[in-house]
Every structure is written in C-alpha cells, then in structure tokens.
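One structure is given here, and the rest of the page talks about it.
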Amino acid sequence: MTSSNENREKAAGICNDCGELFTVWAWQDGTVRPVSPHNACSCPEPSPRVVDEEEVFEGG
Ligand SMILES: [Zn+2]
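Heads up: the sequence shown is residues 94 to 153, going by my numbering.
Structure follows, in structure tokens:
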C-alpha cells in the first residue's frame, strides 16, 4: 500500500468531549478527522485530537 501523494496520516485520536479513543486522519494543516463515522464515538459532533500512545497508556 503506497500513498505518497497524501498529506495526511493515520493516527490514534481521542474525542475531547467524551474521551473515546479511535483512529483518525491527521492532516498536515492540523485537521483531525475520524477515518470513519462508524469508527468514531457517538458524539453528534466529535472533536477529536491526536494523542500519543504514551499518553493513552498513562491515562488508562
Ligand atoms: Zn465524543
């Protein structure tokens, strides 16, 4: 799988509203979006941000 012309990458994300973890697209311009609506949390308007794996485990 090669996608050299994409300016986004998959990352671990968390919803600022509910704290749910899900996979997101992290765009180079700072935009963060769930890779799939079905993959994200159940908030009407999720506000995801990228998290480091370390942060995830610490917060557990
Ligand atoms: Zn949420």
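Yeah, the Cβ is synthetic: ideal placement off N, Cα and C, and Gly gets one too.
Through-space distance from residue j to residue i, alpha-carbon basis
i      : j      : result
Pro141 : Asn132 : 12 Å
Glu113 : Lys103 : 16 Å
Asp145 : Phe115 : 12 Å
Glu99  : Gln121 : 10 Å
Glu138 : Glu147 : 26 Å
6 Å Cβ shell around residue i - same chain, five flanking residues per side excluded
i      : result
Trp118 : Arg101, Arg126, Val128
Asp110 : Cys136, Ser140
Residue span of the beta strand (DSSP E) that contains residue i, given as start and end
i      : result
Val125 : 125-127
Q) Can you list, in chain order, every residue whose CB sits closer than 7 Å to a heavy atom of ligand 1? A) Cys108, Asp110, Cys111, Glu113, Cys134, Ser135, Cys136, Pro139
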